[in-house]
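A short worksheet on the structure shown next.
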Amino acid sequence: MGVGVLTLPRELAEQAGTDGWMVIIISWFLATMASLIIIQIMKKYPNGTILDLLTHYFGKWIGRVATIIFALYFALLANVIFIREALFIQAWILPRTEVYVLILLLSIPSYQIARKNINILGRYSEFVFFMTLWTIIIYLIPLKYAHWLHLFPVLKEGWLPILTTVKTSIFSFLGFEIAFFLYPFLQKKEKASMGVVIANTLSLLAFLMVTIGAFIFYSPDEITIYNEPTIEMLKVLEFKFIERLEIVFFSFYLFVISTTVLPFMFMTVFCTSQLVGKQDYSKHLACFLLIEFAVVVLFPPSFDENTHLQQVIEKAGIILAFAFPLCLWGYVWVHGLFKRRAIK
Amino acid sequence: MKRMCLAILLVFLIAILSSCGRHVPLEDLTISLILGVDLDDENNLIISESSPVFNKDAKKSVETYQLKAKSIRASRKYFDALATGEVTAAKIQILLLGKRVLEHEDWFSILDTVYRNPTFSINTRVIVVDGPVSDVIFYKPADKPQLALHLKEAIDKNNGRSRTVNNTLQVLHRQMYEKGLTPSISEIKKEKNLKFVGVSLLNENGKYVDSLSIQDSSLLLILKDEQKQEVTFTIPMKSLDDEGGIFNKNELSIDVNRVKSKVKTKYDQDKFHFNYKIHMTVTIVEQLFPVGKVKEKELEKMIEKELNSRFKVLIKKIQENKIDPIGLGLYARAYQYEQYKKVEEHWGKALAESNIDVSVDIDIKSMGAIK
Chain C
1 MGVGVLTLPR ELAEQAGTDG WMVIIISWFL ATMASLIIIQ IMKKYPNGTI LDLLTHYFGK
61 WIGRVATIIF ALYFALLANV IFIREALFIQ AWILPRTEVY VLILLLSIPS YQIARKNINI
121 LGRYSEFVFF MTLWTIIIYL IPLKYAHWLH LFPVLKEGWL PILTTVKTSI FSFLGFEIAF
181 FLYPFLQKKE KASMGVVIAN TLSLLAFLMV TIGAFIFYSP DEITIYNEPT IEMLKVLEFK
241 FIERLEIVFF SFYLFVISTT VLPFMFMTVF CTSQLVGKQD YSKHLACFLL IEFAVVVLFP
301 PSFDENTHLQ QVIEKAGIIL AFAFPLCLWG YVWVHGLFKR RAIK
Chain S
345 MKRMCLAILL VFLIAILSSC GRHVPLEDLT ISLILGVDLD DENNLIISES SPVFNKDAKK
405 SVETYQLKAK SIRASRKYFD ALATGEVTAA KIQILLLGKR VLEHEDWFSI LDTVYRNPTF
465 SINTRVIVVD GPVSDVIFYK PADKPQLALH LKEAIDKNNG RSRTVNNTLQ VLHRQMYEKG
525 LTPSISEIKK EKNLKFVGVS LLNENGKYVD SLSIQDSSLL LILKDEQKQE VTFTIPMKSL
585 DDEGGIFNKN ELSIDVNRVK SKVKTKYDQD KFHFNYKIHM TVTIVEQLFP VGKVKEKELE
645 KMIEKELNSR FKVLIKKIQE NKIDPIGLGL YARAYQYEQY KKVEEHWGKA LAESNIDVSV
705 DIDIKSMGAI K
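Line by line, the protein sequences are chains C and S. Per my numbering, the very first residue in the first sequence carries number 1; after that it's consecutive. Per my numbering, the very first residue in the second sequence carries number 345; after that it's consecutive.
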């Protein structure tokens, strides 16, 4: 759950109309499959990360190249989400504050949380999950303005628009490839498969609820006009004691975004520190955040640029999180086959 | 050294906490509660706003201004020049639209800033004014609370009693963009008093075409399936052969407890067919003709007949104007997508040619506390 869900209903509606919710289910299926494959691969080399595994199978140099690629990929992903988060804060909550100030302010807690090790991140995510669980209930309130007729007929234009939209919604599910790195840190490895399925399903339920909520709240002819329908639809909520609830909600949602962006940052510095052979992440993280800050100061970001970058990273994500595990799995399987024969 | 670093960092951070720098105390704000949009005789755009005054020394509790401007946002600088405090739009409760505005197509773009600027409230009630907006916005009755509060309460109450649509900016946006639906907005008129007169109906382009009376608005709400807790009809029993006399002897009032409506959508012989089946459970709350004159079953038939003919008149009005305030386009899209897609752009015309049947089924639950 990250920044993707804020714009997800619009992006789906633009391409697949009100059948967009089916796209999410397909993406969920693909993401779950890919994460199960990742677990299968990691079972072959249970005490190391993917980088150790690649070094083991292909030698040192391939391992190094892979480390660099992964570092770049995670850095880009973290960068896209981090900047988008700041842009959203600027657009919705603090319109008079410069983006670089927001980045700087966000950097400090990010540094505090992500600098040590994966356990702290895990605990933080768990804490945020339980702390923000109630927010999803808010989406039930606008349902009194719902028009279920919008969802019919199912399959308006056939399957084609649905299948071509899958690559848009995949971005929201990206992140499971972190399992490549988390696996050796798991204490109960036999429950890993169960874990990824549950994680993906939780995301699916949240995405479905928000998307279907937006589809029945907005007319299919109007939903594409709103940039962030997910926030916009909360604007109708008004209580006697509080107005503009969407700002409160969004401020709270920042915690949820942070649980997406922080693991990516951690993975980036994990890769880079592995590259130089040190176990001290905090310096690398400080460097990363400083570079991030410098980039934002030198090239002030805009939504258009960010969306463009997001599309690039989507493609990279499809390769790294879907195609790569599949190929690797095939290789590892064939390799195991030959090895067994050799022993005989 | 480490402490030093932290201290420097802290000072630096406090220095950049910019969001706290620009605060405005409530007393220095001019909070618009009503925004009016109208055209004058030469078709110049007139924007007006009304806001409460918090100052003790001021004799009046409300300040209202009206001026010519190119757009709503552009009008803010002129209001700033007139008002004491900074004019803010975040709390606007009522948007008044002059009927002159609605007599032109494509007026909707003037409201762009309302949707684009996230500080605007999307729950602002939209009301059409039959006549100049200035008559309403400058109206200060001695026996009412502030106009914004009065209008908001009045529209919410009338909506709660199913007499008028509750049209917020959010709903208006939806009605303007949705192709299978045309907008309907509550209408007020200033004569001696300010009063609700019914619902204005607009066509696909937002142009005003017709109005519904308060009684017809209830019927519209039932067809839209948006009736609220209370629906009441007072209908004359014409078939009673009783002229009524001074005391309207043939009147009957019913309180509708439950409405269950079903719409069947068909496409046949090159046109759409909508078949409404409305089942109402009613209580008699007033009956001016003597008891025993008609039996309960006959009474049910008579009410059904009367309501059926009223629905028929309403639907004829809708079809003649080529509009769809009910939103039958949504049904057409949901159940006859292929055919709907062909006529989507001119849905009003397609609806005018289609066949809409309403059959009401009345079930009298109670005749009241006396015989």
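We put the beta carbon where it would ideally sit given N, CA and C, even for glycine.
Between which two residues does the beta strand (DSSP E) carrying residue i extend?
i      : result
P9/C   : From DSSP, P9/C is part of no beta strand (DSSP E) but of the alpha helix (DSSP H) over 4-16.
K430/S : Going by the sequence as given, residue 430/S is Glu instead of Lys. 430-432 is the extent of the beta strand (DSSP E) around E430/S.
N699/S : 699-710
K412/S : 406-412
E222/C : No beta strand (DSSP E) holds E222/C; DSSP gives it neither H nor E.
P161/C : P161/C -> not in any beta strand (DSSP E); alpha helix (DSSP H) instead, spanning 160-173.
I375/S : 373-375
Do you know how far the Cα of residue j is from the Cα of residue i?
i      : j      : result
R602/S : K501/S : 19 angstroms
S258/C : K484/S : 52 angstroms
I628/S : K593/S : 15 angstroms
A678/S : M581/S : 39 angstroms
L568/S : K414/S : The sequence given here has Lys at residue 568/S, not Leu. Near 37 angstroms, if we compare the C-alpha coordinates of K414/S and K568/S.
T132/C : D705/S : 48 angstroms
F591/S : Q559/S : 21 angstroms
L155/C : F215/C : 14 angstroms
F655/S : S605/S : 13 angstroms
V657/S : V702/S : 11 angstroms
S557/S : T578/S : 14 angstroms
N345/C : V276/C : Lying before the first or after the last residue shown, residue 345/C is absent from chain C, which here runs from 1 to 344.
F241/C : I416/S : 28 angstroms
L121/C : I113/C : 7 angstroms
K412/S : I390/S : 5 angstroms
V236/C : F180/C : 42 angstroms
Determine, using beta carbons only, whether residue i comes closer than 8 angstroms to chain C.
i      : result
Y422/S : no
H517/S : yes
K523/S : yes
L674/S : yes
S465/S : yes
P369/S : no
A678/S : yes
Quick one: is residue i near chain S, going by C-beta distance under 8 angstroms?
i      : result
P109/C : no
H284/C : no
W92/C  : yes
P153/C : yes
V236/C : yes
K156/C : yes
S193/C : no
H147/C : yes
Y139/C : no
E243/C : yes
Y218/C : yes
E222/C : yes
I225/C : yes
Could you tell me if residue i is buried or exposed, where buried requires 16 or more neighbouring beta carbons within 10 angstroms of its beta carbon?
i      : result
I68/C  : exposed
I358/S : exposed
W134/C : exposed
T463/S : exposed
G636/S : exposed
M194/C : exposed
Name the one or two DSSP bridge partners that residue i has.
i      : result
L441/S : V381/S, V472/S
R602/S : T625/S
K539/S : K533/S
F29/C  : Answer by DSSP bridge pairing: none, since F29/C is not bridged.
T576/S : D599/S
H617/S : K610/S, N699/S
Y552/S : L546/S
P396/S : V406/S
L389/S : L383/S
Q631/S : L596/S
T717/S : Because chain S here runs from 345 to 715, residue 717/S falls outside it and cannot be looked at.
Over the uninterrupted alpha helix (DSSP H) stretch that includes residue i, give me the two end residues.
i      : result
G673/S : 672-679
G277/C : Here G277/C belongs to no alpha helix (DSSP H), and DSSP marks it neither H nor E.
P229/C : 229-232
Y57/C  : 50-58
L564/S : 558-568
T526/S : It is not in any alpha helix (DSSP H) - T526/S carries neither H nor E in the DSSP assignment.
E689/S : E689/S -> no alpha helix (DSSP H), and no H or E assigned at all.
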